[in-house]
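All residue numbers for the sequence shown refer to numbering that gives the first Met the number 0, where the first residue is 0 and numbers rise by one.
No residue lacks a Cβ here, since even glycine has one placed at the ideal position from N, Cα and C.
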Amino acid sequence: MACGFRVRTDPAGAPRSSASEQHDWDLRLAAARGEITPIPAMGWVRIALRTLALVALIAVFVPLHFLYRMVAYGSPFPMLFLRYAARVCGAKVEVIGTHLRRDVFYVANHISWIDILALAGASGTAFVAKAELAQSPVVGWLASLNRTVFVKREHRMGVAEQINALKEALVDNWSVTVFPEGTTTDGQSLLPFKTSMLSVLEPPPPGVLVQPVVLDYGPVAEWIGWIGEEGGLNNAKRVLARKGTFRLHLHYLEPFSPEDFLGRKAIGNESRRRIEEALLDILGRPLRAFAHTVPPVRYQPKTEAAD
């Protein structure tokens, strides 16, 4: 299952070519500092229209989901709903490569809450995501529809419970996705992987493979990214208020057997190596350290609690 890459040539961090672009970037940095981003009148119109579209999708797919669950297991409707929800939010998702459908543990880089909508819409995967996402209006509920396991990164006593939830998911032949960076970044960086959640693969359930995934938002990655001190509601408003659509490429890389690697750290290192190699090919330039002109308070690499 060879995978080709869409090579990016836009230079991240290049000077803004107009006063309007510079103004947008100034607002972006203000949002990363935790400031409330002002939304123009047409932005509120787009928020309203997209919210109405999401409500319409909910009205159609949620009843179908519960009706289906009354007679069968494994409803397809959450996947369809999340696929269309990603489109309503502005993401034009394109899948590159072939994803496994069952008995697979996806390992992906993490940029936005839209990652969950796009990945679930493409593969029907369940998730491990940061607990802050569960507190976000609508977005948290959307994620929970697809069996997301919400992780409190600072809650060390809850790690065993989260791992048990993952084991149950894999035993049920689900596909499960983890974001081992532990947070969202700007699409130009790749943080060290936290491998505590990968202990579910010690030993791996029979037949389960690991498949790395790269999410590439193209030139809008820095703008879309949920970073710094920005709140979830403010980020959702910014994204929903945005004019037009944006491309999101999901690169499914070659899967590998976790049995070929000794322990979660080795599995995490191999996954990160493959994702980093793919990102270098996609971006067409070296990755950069994750930094902005605001303190990246929640984004400094930390020693793993479970190590």
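One or two residues paired with residue i in a DSSP bridge
| i | result |
| --- | --- |
| Ile95 | His250 |
| Phe178 | Per DSSP, none; premise fails for Phe178. |
| Gln210 | Tyr105 |
| Ala127 | Strictly speaking, residue 127 in this sequence is Val, with Ala absent from that position. Paired residue(s): Val148, Val177. |
| Asp215 | His248 |
| Phe255 | Val209 |
| Ala90 | Phe245 |
Whole-number beta carbon distance between residue j and residue i, since they are thought to touch under 8 Å
| i | j | result |
| --- | --- | --- |
| Val148 | Phe126 | 7 Å |
| Ser270 | Pro211 | 5 Å |
| Val238 | Gly89 | 7 Å |
| Asn234 | Ile35 | About 11 Å separates the two Cβ atoms, so there is no contact after all. |
| Ile38 | Lys236 | 6 Å |
| Gln134 | Gly231 | 7 Å |
Nearest-angstrom Cα separation, counted from residue j out to residue i
| i | j | result |
| --- | --- | --- |
| Arg287 | Ala277 | 15 Å |
| Met69 | Ile115 | 26 Å |
| Tyr83 | Asn163 | 31 Å |
| Thr50 | Leu190 | 33 Å |
| Pro257 | Pro179 | 16 Å |
| Ala240 | Trp43 | 6 Å |
| Ile57 | Phe260 | 42 Å |
| Gly206 | Leu53 | 37 Å |
| Arg297 | Leu28 | For Arg297, the predicted structure reports a pLDDT of 42, less than 50, and the residue's modelled location is therefore unreliable. The matter cannot be settled from this model. |
| Pro218 | Trp24 | 13 Å |
| Arg100 | Glu275 | 24 Å |
| Gln21 | Thr182 | 26 Å |
| Arg272 | Pro75 | 33 Å |
| Glu167 | Gly73 | 15 Å |
| Arg45 | Glu253 | 38 Å |
| Ala85 | Pro202 | 35 Å |
| Val59 | Ser174 | 25 Å |
| Met41 | Asp185 | 26 Å |
| Ile281 | Asn268 | 20 Å |
| Ala71 | Ala55 | 24 Å |
| Thr244 | Lys193 | 32 Å |
Beta-carbon proximity of residue i to residue j, cut-off 7 Å
| i | j | result |
| --- | --- | --- |
| Gly227 | Ala31 | yes |
| His98 | Tyr251 | yes |
| Phe255 | Val209 | yes |
| Ala117 | Val87 | no |
| Leu81 | Gly120 | yes |
| Val177 | Val106 | yes |
| Val94 | Leu279 | no |
| Gly33 | Met78 | no |
is_contact[residue i, chain C] using C-beta, thresh 7 Å
| i | result |
| --- | --- |
| Ser198 | Reference to chain C is not applicable here, since this structure consists of a single protein chain. |
message = When you compare the segment 103-119 with the segment 218-236, are there three or more beta-carbon pairs, one atom per stretch, that lie closer than 8 Å?
response = yes
task = Evaluate the contact criterion for the segment 192-199 versus the segment 263-277: three or more CB pairs, one atom per stretch, below 8 Å.
result = yes
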